[in-house]
Amino acid sequence: MAFFTAASKSDFQHQLRAALAQHISEQALPQVALFAEQFFGIISLDELTQRRLSDLAGCTLSAWRLLERFEHGTPQVRVYNPDYERHGWQSTHTAVEVLHHDLPFLVDSVRTELNRRGYSIHTLQTTVLSVRRDEKGQLLELLPKGTSGDGVLQESLMYLEIDRCANAAELNVLARELEQVLGEVRVAVEDFEPMKAKLHELLAGIDATEYNIDPEEKSEVKVFLEWLVNNHFTFLGYEEFTVSSEGEGGQLNYDPSSFLGLTKLLRAGLTAEDLHIEGYAVNYLQEPTLLSFAKAAHPSRVHRPAYPDYVSIRQIDADGKVIKESRFMGLYTSSVYGESVRAIPYIRRKVAEVERRSGFDAKAHLGKELAQVVEVLPRDDLFQTPVDELFTTVMSIVQIQERNKIRVFLRKDPYGRFCYCLAYVPRDVYSTEVRQKIQQVLMDRLKATDCEFWTFFSESVLARVQLILRVDPKVTLDIDPQQLENEVIQACRSWKDDYASLVIESFGEAQGTNVLADFPKGFPAGYRERFAAHSAVVDMQHVLSLSEANPLVMSFYQPLSGDKAQLHCKLYHADTPLALSDVLPILENLGLRVLGEFPYRLRHTNGREFWIHDFAFTYGEGLKLDLQQLNDTLQDAFVHIVRGEAENDAFNRLVLTAGLPWRDVALLRAYARYLKQIRLGFDLGYIASTLNNHADIARELTRLFKTRFYLARKLSGGDLDDMQQRLEQAILTALDGVQVLNEDRILRRYLDLIKATMRTNFYQTDANGQSKSYFSFKFNPRLIPELPKPVPKFEIFVYSPRVEGVHLRFGNVARGGLRWSDREEDFRTEVLGLVKAQQVKNSVIVPVGAKGGFLPRRLPTTGTRDEIQAEAIACYRLFISGLLDITDNLKEGALVPPANVVRHDDDDPYLVVAADKGTATFSDIANGIAIDYGFWLGDAFASGGSAGYDHKKMGITAKGAWVGVQRHFRERGINVQQDSISVIGVGDMAGDVFGNGLLMSDKLQLVAAFNHLHIFIDPNPDPASSFAERQRLFDLPRSAWTDYDTSLMSAGGGIFPRSAKSIAITPQMKARFDITADKLTPTELMHALLKAPVDLLWNGGIGTYVKASTETHADVGDKANDALRVNGNQLRCKVVGE
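Following the working numbering, the numbering of the sequence shown begins with 24 at its first residue and continues without gaps.
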């Protein structure tokens, strides 16, 4: 849009003059420019620059044309929608142009009418022009502003832009109404002086009143009338009438010859019904009162949009009979509303009488309070209310005593046309909504057709609303003021009021008061919009139940209205809001699809914050949900998941689909974790999906487990076997209905595992009587189909969200080390590999052995070494405890079964463990746990430690193997203790065999090594510095290849993660390992390293990396290393040390 800029109003006028010059003659330009200067005189520059200059020029010329010819007695009103085609300029609004000989109230009245009709005013330009015209009204000359003299006319020009009128009919109606308003203004102004003269005439006749009136009152009336005429009243009309009684009412008899001002218009064409008044109005008008006050029946369209006031002077004969009433209609000037009541005649006598009747000392508190009340009372009430009623009202207001309470005072107009209401409302609860509620109650009860209001605020704790309601005088209203006040109080009762009452009711007065004081701001506005007060009380009870032991509470509910397929829950949490990204996956894994979340914060006076999260979600079709069950099981599950005591995965849907408690779901998850370790071949997600698809079978599997290990305590052997058989048969029958082969296989394996479970600690409790946070299961492996070989005689699996572990034992009496594993996918395979090596290595010494391993699942990802070690020890403790929980004990030679453990196997008190990789220093910990358990072996439970030996420190295995390496190289004429040899290794420096082996000689050149995480490459290492670095890593409590100082490595080397997509092969790597490729995957690189031409291949790790060419990978039984394994005839190393 082509807006313009101007530095000042004079700059604007200069630009406007240039624009006008394009449309008018050079001779006319000075006059039009002078007009434009006056036309835009009061408009701010900011407002002008928001419009096109061309449009401003257009509206200027349009107004000028209006001015060019004007008959002084005929106002001009033009209402139109400017557009380019017809007017040469445009506006998005409707333009209103008014030209009128200058009179008071013109602008106010036009503006009032536009507002009354609902038009918003966007632009308002007014000016009074001094002009000369000829006899025909043609403009002769526009004079400078304020010019006066002979032949100079003062004309008021108004230009307004209002909301756009939709059609021509609307434009015509508006123009016609504005003309009528201007006519009313003319009538009122023309008779203004005659009305003042009439008042002076009446004033002079007061002393001649025949009726015996108190001289002081008569004098006060005269003073009031003099005060009134002294610029305190805008006279709009005057009339005289008499009252005649007829039947149940009466009639007003107007004297048309007396009409002045607007009365001439208002009293024209009155019907008999219009002249009729009710009986009570007749009685009022016949009272011998010299001066009276009332309100006119219709709002004024002149000056102010209010109901005009009546000031009446009655002519009374000697007998007290009212002969005639002379009534002025008008508006009190604005100064009256700011003037002290003690300075306004007539009112001041009422005020003095009220103060006298009160008996209050003017200097005392109540006296000052009363003085303040009457000072701010609406002037309407002070003028119109009789002293007796005024006294009662004022005293009632004083008695409120600044208390936070709602009071309503009602007064009826003597003519029965209005009801006046004063409503006092606590300021902190007052709002437009509260005012509208008060107004609605009053209009409904009083059957009012219209209502005007004014709101008054002061330093008081109460806000005051004055309402004037238009009522039908013919309708008799029987209003109980107290009942009406109660209705208003109830209507204005806020949510906070209801909440406070319910808190006191629910918590008791003492605690309830404390709760309200502790949370002074209560619930936020968003909460109050969505929930009723009684819901807030329930929520507050949940909030107060939060504690360190119970940091999270969950409550499910279903709104009375809304979609029945939707469910809601509230989460209550202290201090910090729950992150949506954390909560959503939990709820969705519980089978709930979240549709929305609404957080609300509560603040305690001590600064602590509490959060309520309201979630809306849907759930799967066909599910029948019980809210009580949800509040019990689902809440319990959610809380334990958030605490980390249960995992967050798809298994949790079983809470909803199968109605299982979270521990039963965790039981099925634990078995799934074991199935993963025994290489069933399905991932956990698919297993969880299978259970959810067959929730009935999942439920029966947990029943079978409970029967075997819980109900078995109470059942006889025969009853237990019978129940187990029936449950097993029910499961097998249900399995016949499973259509998917893989799902059938998974469910049958679950059945196999439960039947193969000999013992469990699932139903054991800790010292506090709480269920344990970890599960342990003792299996008879021979009952588990397709178990990877070799198959142990006994196996214990320990599970918790924090740690998993297995212990494989191949005989009744067997010992072996427990390893800290980091192979999440197949730590059992790692342990099984150790067992294979042990069987070969130890078969001469011990016929059968045992091995174990545990996997910490929540090591701190960014933690320090000490933090990682601390978590590993905590996991080790859980693992050892899980083993001992289900192991028999011996006390004084007698066997003692573990508490609350049902045994489906023979006595088995032998359990001995030892240290292994990562646990070299843990034996004392294990022995401490054994002693705490009262285990019969005491500190002999775990070999090593302070009472035994350290495998890694002693390095027995590595030293024995190194003797073999020395022998083979000696036969080749090489002394490995003095001559440098190149080495490729499998393992890392944290390991017993690898670490000790690579420290057997400081002449070794470790050119490459790999473990399950990293590949280490140092093509041309310095033997001395690399030896020292390996020693440093070996001495660390736990190390990885990433701890190696790469600044010591030779050119072309590096440490590479096995998860990398590819590894660039440097020239040094190509030369050292005889590789031609520029890039290899980690697996390809390790395969090439195994075939590299080096002196020694040192295998100190887990796994089989070399096989006979006559063997298949399946024969080897180490599936994880199939891709990188080589045949023996592909090796180019001189010696293999293993």
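Ideal Cβ placement from N, Cα and C applies to all residues, glycine included.
Keep in mind it's a predicted model, so treat the numbers as computed, not measured.
Measure from the alpha carbon of residue i to the alpha carbon of each residue in the options, then state which is nearest.
i	options	result
LEU413	ALA446, LYS373, LYS391 and ALA394	LYS373
GLY875	PRO932, ALA897, THR942 and HIS927	THR942
VAL196	PHE282, ALA837 and GLU136	GLU136
GLU766	LEU1108, ILE710 and MET781	ILE710
GLU263	LEU308, GLU240 and PHE247	LEU308
PHE167	VAL154, ILE1088 and ARG365	At residue 167 the sequence reads Pro, which differs from the Phe that was named. For PRO167, the nearest C-alpha among the options comes from VAL154.
GLN1001	ALA523, LEU1027, LEU89 and SER363	LEU1027
ASN835	ASP930, TYR786, GLN793 and ARG880	ASP930
LEU613	PHE63, PRO684, LEU625 and HIS565	PRO684
LEU594	SER281, PHE621 and THR83	PHE621
PRO127	GLU184, SER77, ARG209 and ASP157	ARG209
TYR303	LYS435, ALA1031 and LEU90	LYS435
ARG440	LEU492, MET218 and THR730	LEU492
HIS565	LEU507, LEU615, HIS636 and ASP1138	HIS636
TRP1121	ASP1015, SER1070, SER1048 and ASP1058	ASP1015
LEU774	THR146, ARG702 and LEU755	LEU755
Just grab the DSSP bridge partners of residue i for me.
i	result
LYS801	ARG782 and ILE819
LEU879	Here residue 879 turns out to be Pro, not Leu, going by the sequence shown. DSSP lists VAL826 as partners of PRO879.
VAL576	TYR595
GLY839	VAL936
ASP332	LYS318 and GLY353
LYS1102	ALA1087
PHE247	Looking at the DSSP assignment, PHE247 forms no beta bridge with any residue, so it has no partner.
Using the three-state DSSP reduction, which class does residue i fall into: helix, strand or coil?
i	result
GLN513	helix
ALA1166	There is no way to answer for residue 1166, as the model of the chain reaches only from 24 to 1161.
LEU615	strand
THR356	coil
LEU594	strand
SER904	helix
LYS32	helix
LYS795	coil
TRP1121	strand
TRP985	helix
SER67	coil
ARG487	strand
ILE701	coil
LEU1029	strand
TYR899	helix
ASP297	helix
CYS1156	coil
Assign residue i to buried or exposed, taking buried as 16 or more other Cβ atoms, counted over all protein chains shown, within 10 Å of its Cβ.
i	result
MET24	A caution first: MET24 carries a pLDDT of 41, below 50, which makes its placement in the model unreliable, though a value can still be read off. So MET24 ends up on the exposed side.
ALA41	exposed
ARG851	buried
SER1124	Here residue 1124 is Gly; the residue named in the question, Ser, does not match the sequence. With 16 or more Cβ atoms within 10 Å of its Cβ, GLY1124 is classed as buried.
TYR369	buried
GLN407	buried
VAL978	For the sequence presented, residue 978 should be read as Gly rather than Val. With 16 or more Cβ atoms within 10 Å of its Cβ, GLY978 is classed as buried.
ASN950	buried
PHE964	buried
GLN513	exposed
THR680	buried
VAL511	buried
Using 8 Å as the limit for Cβ to Cβ distance, is residue i near chain C?
i	result
ASN537	In summary, chain C is missing from the structure at hand, where a single protein chain is found.
For this session: Assess, as a yes-or-no matter, whether the stretch 100-107 is touched by the stretch 119-135 under the definition of 3 or more beta carbon pairs within less than 8 Å.
Result: yes
Exercise. Should the stretch 738-756 be regarded as contacting the stretch 795-808, the criterion being three or more beta carbon pairs within less than 8 Å?
Worked result: no
Exercise. Per the contact definition of three or more C-beta pairs closer than 8 Å, is the stretch 672-688 in contact with the stretch 715-722?
Worked result: yes
For this session: Flag this pair as touching only if the stretch 900-916 and the stretch 945-958 have three or more C-beta atom pairs under 8 Å; answer yes or no.
Result: yes
Problem set entry | Inter-stretch contact at 8 Å, needing at least 3 Cβ pairs: the stretch 338-346 / the stretch 145-163 | no
For this session: Please determine if the stretch 458-474 and the stretch 432-445 are in contact, where contact requires at least 3 C-beta pairs separated by less than 8 Å.
Result: yes
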